[in-house]
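Visitor: These protein sequence lines are chains A and B, in that order. 775 is the number of the first residue of the first sequence in this note's numbering; add one for each residue after it. -10 is the number of the first residue of the second sequence in this note's numbering; add one for each residue after it.
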Amino acid sequence: MKLSGFKRELCGMILGLAVLAILPVFIQDTYLRHLLIMIFVYGMVAASWDLSLGYGGVFNFGHLALFGVGLYTYALLTKQLGVDPWLALAASGGAAVIAAGLMVIPILRLKGIYVVLLSFAFSQLILQVIVSQSDYTGGNQGMVMVPALKLGDHNMMRDKKLAYYYIALTLLSACLLFLRVFVRSALGKSIVALRDNEEYAVSRGVSLGRQRLLTLTGSALFTGIAGGFYGGYFRNTSTDVFGIDLTTLILSMVLLGGRATIYGPLLASLALTLLSEATADIGVWRPIIIGAVIILVLLVYPGGLAGALTAGWRRLSAMRTPRGQGAAINKVAS
Amino acid sequence: MPLLTVESASKSFGALRAVDGVSFSVEPGELFGIAGPNGSGKSTLFNLISGIPFGPDSGRILFAGEDLAGRKGHQIARLGLVRTFQRETAFDTLSVFDNALMGATYGGKGPVPEERSAEALAFVGFAPADFDRKAAELSVYDRKRLMLASALALSPRLLLLDEPASGLTKPEIEALIALIRRIAATGATILLIEHVLTVLLALSQRLMVLNEGSLLVLDRPDVVVRDPRVIRAYLGDRRHVA
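#1: Span of the alpha helix (DSSP H) holding SER39(B)?
#2: Measure the beta-carbon distance from ALA53(B) to LEU(-8)(B) and round it to whole angstroms, keeping in mind my assumption that it falls under 8 Å.
#3: SER824(A): which of GLY1006(A), PHE952(A), ILE900(A), ARG984(A) sits nearest, CA to CA?
#4: As a quick exercise: from LYS935(A), ILE904(A), VAL843(A), pick the residue whose alpha carbon is nearest that of LEU876(A).
#5: Which whole runs of the beta strand (DSSP E) in the region 1007 to 1056 of chain A are 3 residues long or more, in chain order?
#6: Would DSSP call ARG146(B) helix, strand or coil?
#7: Would you give the residue range spanned by the beta strand (DSSP E) that VAL206(B) belongs to?
#8: Should ASP824(A) be flagged as near chain B, meaning a C-beta pair shorter than 8 Å?
#9: Return the Cβ separation of TYR974(A) and THR94(B) in integer angstroms, given the expectation that the two are a contact with Cβ distance under 8 Å.
#10: From LEU189(B), LEU147(B), LEU157(B), LEU204(B), pick the residue whose C-alpha is nearest to that of ILE172(B); which is it?
#11: For HIS63(B), does the count of other Cβ atoms within 10 angstroms reach 16, so buried, or fall short, so exposed?
#12: Tell me which residue opens and which closes the beta strand (DSSP E) that MET197(B) is part of.
#13: Quick check on ASN914(A): buried or exposed, where buried means 16 or more other Cβ atoms within 10 Å of its Cβ?
#14: How long is the line joining the alpha carbons of SER203(B) and GLY176(B), rounded to whole angstroms?
#15: Are the beta-carbon atoms of GLY1032(A) and LEU1070(A) separated by less than 8 Å?
#16: Just curious, the beta strand (DSSP E) that THR178(B) is in, first and last residue?
#17: Quick one: residues in its chain with C-beta nearer than 7 Å to the C-beta of LEU155(B), no 5 flanking neighbours on either side, listed in chain order?
#18: Using the C-alpha atoms, what's the distance from TYR939(A) back to LEU1044(A)?
#19: With respect to the beta strand (DSSP E) encompassing THR944(A), which residues constitute its N-terminal and C-terminal limits?
#20: Between ALA118(B) and LEU135(B), how many whole angstroms is the CB-CB distance? I'm expecting something under 8 Å.
#21: Would DSSP call PHE835(A) helix, strand or coil?
#22: Is LYS123(B) helix, strand or coil when you go by DSSP?
#23: Around the Cβ of ASP927(A), are there at least 16 other Cβ atoms within 10 angstroms (buried) or fewer (exposed)?
#24: So which residues of chain B does TYR816(A) contact, with C-beta pairs closer than 8 Å?
#25: Report whether the distance from the Cβ of VAL957(A) to the nearest heavy atom of the ligand MN is below 7 Å.
#26: I think SER39(B) touches LEU150(B), with their Cβ atoms under 8 Å apart; what is that distance to the nearest whole Å?
#27: Given a threshold of 16 other Cβ atoms within 10 Å of its Cβ, counted over all protein chains shown, does PRO145(B) qualify as buried or as exposed?
#28: Check distances from the C-beta atoms of the region 873 to 893 of chain A to those of chain B and list, in chain order, the residues that come in under 9 Å.
#29: Taking Cβ-Cβ distances shorter than 7 Å, what residues in chain A pair up with PHE35(B)?
#30: Output yes if chain A places a C-beta closer than 8 Å to the C-beta of ILE41(B); else output no.
#31: Buried or exposed: which applies to LYS31(B), given that a residue is buried once 16 or more other Cβ atoms fall within 10 Å of its Cβ?
#32: For ASP1055(A), count neighbouring C-beta atoms within 10 Å of its own C-beta (all shown protein chains included) and say buried if the count is 16 or more, exposed if not.
#33: Could you tell me whether the Cβ atoms of LEU20(B) and SER193(B) are closer together than 8 Å?
#34: Taking one C-beta from the region 829 to 839 of chain A and one from the region 986 to 994 of chain A each time, how about it: are there three or more such pairs within less than 8 Å?
#35: Taking the alpha carbon of GLY1006(A) as the reference point, which residue from ALA792(A), LEU861(A), LEU797(A) has its own alpha carbon closest?
#36: Roughly how many angstroms lie between the CA atoms of ARG6(B) and LYS0(B), to the nearest whole one?
Now the structure itself:
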């Protein structure tokens, strides 16, 4: 039986998530589970950024501000207003979508470096609002004792992070499904069309403003939810999420993973988090080594890790093709 | 009532007046040619009519009696005023089918965009086996055909073709002429810019020549090519006839 492209992808996705679902049976260590949770969170943010940057070609450098909006929405709603953590988690996605909608207005008809500058300025504006409202947000000090997520009477502090692992995995699954359905839809193709040739796409009836709005709000949804989850997981907030360090890390994941792939940034989140852990003891050499590895991978495989995997799979398929058949294929191709 | 009426359309870039008070109208079902030397304002005129990427500084453009002032490019395309571009433009990373689907989904009318895309692709000569190919893999002529298919997928009432024959070989030009004739035979109104005079003479019912942004001559093609003003615009005053 031959499956269609999307069904095959869906089967692969379910298989991958099933493997991740049984992983805690073998990984009992709390810290390793924590690392996996962070991989899922960063993977959600990076894959969502890939929607606007990779597929849409919009150089939105305010993406991490949407993560920050989700984080502070969760913290403010739960701590200052006593809202249920799960409602606050959903609201964190909604708030990020609204923030992305506001961010679109000034960058609607801009291109390239101007989008970078304005989206970065937008991110700094949100940071300044948070810092200025220190009575509620804790200013530069951030907020502590943020209410955690709750699962009935289950004690999430004493389960070696098992509950948080599954919550993060569920959110990641929903995020991946949302992004893949988005990019495979006519809407997803239209944002690629705008990236490929803006004037041509407009001449075929594609609205630049509407599609850009949907691209950025679509990329904001799970970024905000990831921010909300981050708040419930760490139980504190910090304005560091608006800083250049986290932006650089997540952007590295998008580029190393391979633009316009969705799965690539998730893969890069895994690779960079593990590499970062493996080099934790070598001090200042750590960022140098990580940077060198990223450059090396992108030099050899400009399509990133997803490109490397695709190339590997093609090579494997070619090796499995019977010799005579391969020669016949080559003859036809030539 | 004319399908398209252009009234004193003008566009300037700084001190350069690219289109200078051009007026003309196109009747439904007409194949209307536009010629002129390089820099005469032909493509700029297409930009003004289609609103992509800009409309006129002054003057009016009426499509089926409706003033296009203030309408965005994608809205004008959805009215059925559809253009192609001088270069063989395509969405390179999308498949042949998805290229056509963009027009059918966002600019076309009717319930099944996939069917209209397949029909448009078949009309210009693509076989179903080509539908999954990436547009970037296509030859220049195939990309031109694909651009036409994506325009036809919008079911256009007025088709603006900007130098469709540029960069093509002689057999390809002949095939293109036959294709444009088939499009015209469906009742479509076509506005055709072309440098290759044989294409314009073979297809146009009326021919307009622009020079330095202004309308020089508008008449039947056989009359236009003999007009001394047109010969002067193309060859200059001090031509030598052997």
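All C-beta atoms, glycine included, are put in the ideal place defined by N, C-alpha and C. Here the structure is a predicted model, which is why all the values come from computation and not from measurement.
Guide: According to the structure shown:
#1: Position 50 of the second sequence, counted from the first residue, corresponds to residue 39(B). Taken as a continuous stretch (DSSP letters only), the alpha helix (DSSP H) holding SER39(B) covers 31 to 39.
#2: For this step, residue 53(B) is matched to residue 64 along the second sequence. For this step, residue -8(B) is matched to residue 3 along the second sequence. Right, the Cβ-Cβ distance comes to about 6 Å (below 8 Å), so this counts as a contact.
#3: What you label residue 824(A) is simply residue 50 of the first sequence in a count that begins at 1. Checking the sequence, you will find Asp at residue 824(A) rather than Ser. It is PHE952(A) whose Cα lies nearest to the Cα of ASP824(A).
#4: Walking along the first sequence from the start, residue 876(A) turns up at place 102. It is VAL843(A).
#5: none
#6: Position 157 of the second sequence, counted from the first residue, corresponds to residue 146(B). Correct three-state label for ARG146(B): coil.
#7: Taking the first residue of the second sequence as 1, we reach residue 206(B) at position 217. Its beta strand (DSSP E) spans residues 203 to 208.
#8: Along the first sequence, read from residue 1 onward, the residue named residue 824(A) stands at position 50. No, ASP824(A) lies away from the interface with chain B (no Cβ there is under 8 Å from its Cβ).
#9: Within the first sequence, residue 974(A) is the residue found at index 200, counting from 1. Within the second sequence, residue 94(B) is the residue found at index 105, counting from 1. The Cβ separation is near 15 Å, so there is no contact.
#10: If you number the second sequence from 1, residue 172(B) lands on position 183. Here the closest residue by C-alpha is LEU147(B).
#11: Working through the second sequence from its first residue, we reach residue 63(B) at position 74. Its Cβ being crowded by 16 or more others within 10 Å, HIS63(B) is buried.
#12: Residue 197(B) sits at position 208 when you count from the first residue of the second sequence. Residues 195 to 200.
#13: Walking along the first sequence from the start, residue 914(A) turns up at place 140. By the neighbour-count rule (16 or more Cβ atoms within 10 Å), ASN914(A) is not buried but exposed.
#14: Reading the second sequence from its first residue, position 214 is the one you call residue 203(B). Reading the second sequence from its first residue, position 187 is the one you call residue 176(B). Distance between the alpha carbons of SER203(B) and GLY176(B): 29 Å.
#15: The count along the first sequence starts at 1 and reaches residue 1032(A) at position 258. The count along the first sequence starts at 1 and reaches residue 1070(A) at position 296. No, Cβ-Cβ distance for GLY1032(A) and LEU1070(A) is not below 8 Å.
#16: Numbered from 1 along the second sequence, position 189 holds the residue referred to as residue 178(B). Note, THR178(B): beta strand (DSSP E), 178 to 182.
#17: Counting from 1 along the second sequence, the entry for residue 155(B) is found at position 166. Residue 155(B) is actually Ser in this sequence, not Leu. Closer than 7 Å at the Cβ level, and outside the excluded window around SER155(B), lie GLN75, HIS184.
#18: Here the question's residue 1044(A) lines up with position 270 in the first sequence. Here the question's residue 939(A) lines up with position 165 in the first sequence. Looking at the two C-alpha atoms, the distance is approximately 15 Å.
#19: For the purposes of this step, residue 944(A) is identified with residue 170 of the first sequence, where counting begins at 1. First-last for THR944(A): 936 to 958, but that is the alpha helix (DSSP H), not the beta strand (DSSP E).
#20: On the second sequence, position 129 is the one that residue 118(B) refers to. On the second sequence, position 146 is the one that residue 135(B) refers to. The pair is not a contact, with the Cβ atoms about 15 Å apart (cut-off 8 Å).
#21: Within the first sequence, numbered from 1, the residue matching residue 835(A) stands at position 61. Coil.
#22: Within the second sequence, numbered from 1, the residue matching residue 123(B) stands at position 134. LYS123(B) falls in the strand class under three-state DSSP.
#23: Counting from one through the first sequence, the residue named residue 927(A) turns up at place 153. Burial call: exposed.
#24: Here residue 816(A) corresponds to residue number 42 of the first sequence, with the count starting at 1. Under the 8 Å cutoff, chain B gives no residues; its nearest Cβ is about 26 Å from TYR816(A).
#25: You won't find the ligand MN in this model; it holds no ligand whatsoever.
#26: In the second sequence, the residue the question calls residue 39(B) occupies position 50. In the second sequence, the residue the question calls residue 150(B) occupies position 161. That pair is no contact at about 12 Å.
#27: Mapped onto the second sequence, residue 145(B) falls at position 156. When all chains shown are included, PRO145(B) counts as buried.
#28: none
#29: On the second sequence, position 46 is the one that residue 35(B) refers to. Result: empty, since nearest Cβ-Cβ is about 10 Å, beyond 7 Å.
#30: Stepping through the second sequence from its first residue, residue 41(B) is reached at position 52. ILE41(B) counts as touching chain A.
#31: Locating residue 31(B) in the second sequence gives position 42, counting from the first residue. So LYS31(B) ends up on the buried side.
#32: For the purposes of this step, residue 1055(A) is identified with residue 281 of the first sequence, where counting begins at 1. Answer is exposed; the Cβ neighbour count stays below 16.
#33: By one-based count along the second sequence, residue 20(B) stands at place 31. By one-based count along the second sequence, residue 193(B) stands at place 204. In this structure, SER193(B) lies closer than 8 Å to LEU20(B) by Cβ.
#34: yes
#35: Numbered from 1 along the first sequence, position 232 holds the residue referred to as residue 1006(A). Residue LEU861(A) is the option with its Cα nearest to GLY1006(A).
#36: Taking the first residue of the second sequence as 1, we reach residue 6(B) at position 17. Taking the first residue of the second sequence as 1, we reach residue 0(B) at position 11. So the alpha carbons of these two residues sit roughly 6 Å apart.
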